[in-house]
Amino acid sequence: MTATFLTPDDPRWTAFLHRVVHDVYHLPGYVAAAAVHEGGTPAAFFAEADGHALLIPLLLHPLPPALNAPPDWHDAASPYGYPGPLLTPGCPPDTFEALLHALRREAAARSLVSLFLRLHPLLPVPLSPLAAIGDVRRHGPTVYLDLEAPARYRRDHRSGLRKLRQAGYTLQMDAWEHEHAFRTLYAATMTRVRAEPFYRFDGAYFTALRERLPGALHLATVHAPGGDVAAAALVLTAGPFAAYHLSGSAARYRADAPAKLLVDGMRRWGRAQGLRVLHLGGGVGGSADSLLLFKQGFSDRTAPFHTVRVILDPGRYADLTARAGTASPASSGFFPAYRRHRPRAAASPPAVGC
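Be aware that the sequence shown starts at 1381, since it is given in our numbering, and climbs by one per residue.
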């Protein structure tokens, strides 16, 4: 068996991706860009056995200085999004379990205390082997559109789209001269909805996406009748997928709900590009909120979102939890408990759908 952690420039990472169906979240460039915002070291766990292989994109994080832990102790987590484990086709559950046990061994060798994974709703892997090493939790649904099937929009969305077009709203794809407008709208939207600090993605992050995801990053903009950018979104593509990544809308045009034209435009564009799925994601933190309701207006197709919480070193985990003053982690539900005062991101940001 081979088991190791790869850096983004390791050719084994991209070679593995050529063997499997994958999404943008699995690309080394995406993980490296995520590290610009989230911190940590971009990496992927890679293991091979019995003709099958496993890859898990990760960010390796130093522990908070306030814990006063030994400097070689770390933890790991999936970057923002859905970068769940990928397996070669036909991998038996027992081989998957063996590959996961190799992950535990390699993690111990690197003094990793805990591991937090976000699974990909549309690229499922067997849950039983994951449950054997950690706590698998099911969250709310994520919404996706089958781009090879006719649109099935809710009546209010169809009506809203007609009104937008009749009023003179238009959509453009990859008009990058409007990137600054997107950044401005996104920042204003996060302020308006009082988003957590994590979701205040800055210019360095957006620049990293453009530099590290050539051909996979796209900009969708909706223009009001006078030409103003009324709503905008970043769209990420890889394999058969398009992903609705981040979006924002102008407060003065909110009553017209221009984001409806954004999603419809992304669907039409993705279909023309030969993509098969547009993944809209779910509600904030997997909840059944207004964002999820907006997305469900475009499709009744959903897939469950899961996370996995793995305590790699129980002794060190208990020690860190005690140092953090969070002695009852089970009652809080937050993982890892020693990072409770620095919450991790949900899968979907609190962007408004109108």
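Glycine included, every Cβ here is placed at the ideal spot set by N, Cα and C.
Q) Just curious, the alpha helix (DSSP H) that Ser1539 is in, first and last residue? A) 1535 to 1547
Q: Could you work out which residue in Phe1426, Glu1486, Arg1517, Ser1508 is closest to Leu1497 when comparing CA atoms only?
A: Arg1517
Q: Assess, as a yes-or-no matter, whether the region 1581 to 1589 is touched by the region 1414 to 1425 under the definition of 3 or more beta carbon pairs within less than 8 Å.
A: yes
(Q) So Leu1658 and Tyr1624 are supposed to be a Cβ contact under 8 Å. How far apart are they, rounded? (A) Between Leu1658 and Tyr1624 a beta carbon distance of about 7 Å is seen, short of the 8 Å cut, so the two are scored as contacting.
Q: In the DSSP assignment, find the beta strand (DSSP E) that holds Ser1627 and state where it starts and stops.
A: 1621 to 1629
Q | Arg1720 versus Gly1705 - alpha carbon distance | A | 10 Å
Q | Environment of Glu1428 [buried if 16+ CB atoms lie within 10 Å] | A | buried
**Q.** Cβ pair count under 8 Å reaching 3, the region 1386 to 1394 against the region 1442 to 1457
**A.** no
Q) For Phe1714, which residues of its own chain have a beta-carbon under 6 Å away from its beta-carbon, when the five flanking residues on both sides are left out? A) Arg1720
Q: Grab me the residues of Pro1638's own chain with a C-beta within less than 7 Å of its C-beta, minus the 5 sequence neighbours each way, in chain order.
A: Result list for Pro1638: Leu1544, Tyr1549, Val1602, Ala1610, Ala1611, Ser1629, in chain order.
Q) Can the beta-carbon of Leu1434 be found less than 7 Å from the beta-carbon of Val1688? A) no
Q: Mind reading off the beta-carbon distance from Leu1599 to Trp1556? Whole number of angstroms is fine, and I expect it under 8 Å.
A: 6 Å
Q | Chain-order list of residues whose beta-carbon lies under 7 Å from that of Ala1529 (same chain, five-residue window excluded) | A | none
Q. How big is the Cα-Cα spacing for Val1664 and Leu1672?
A. 8 Å
Q: Could you check which residue in Ala1456, His1454, Ile1513, Ile1436 has the C-alpha nearest to that of Leu1499?
A: Ile1436
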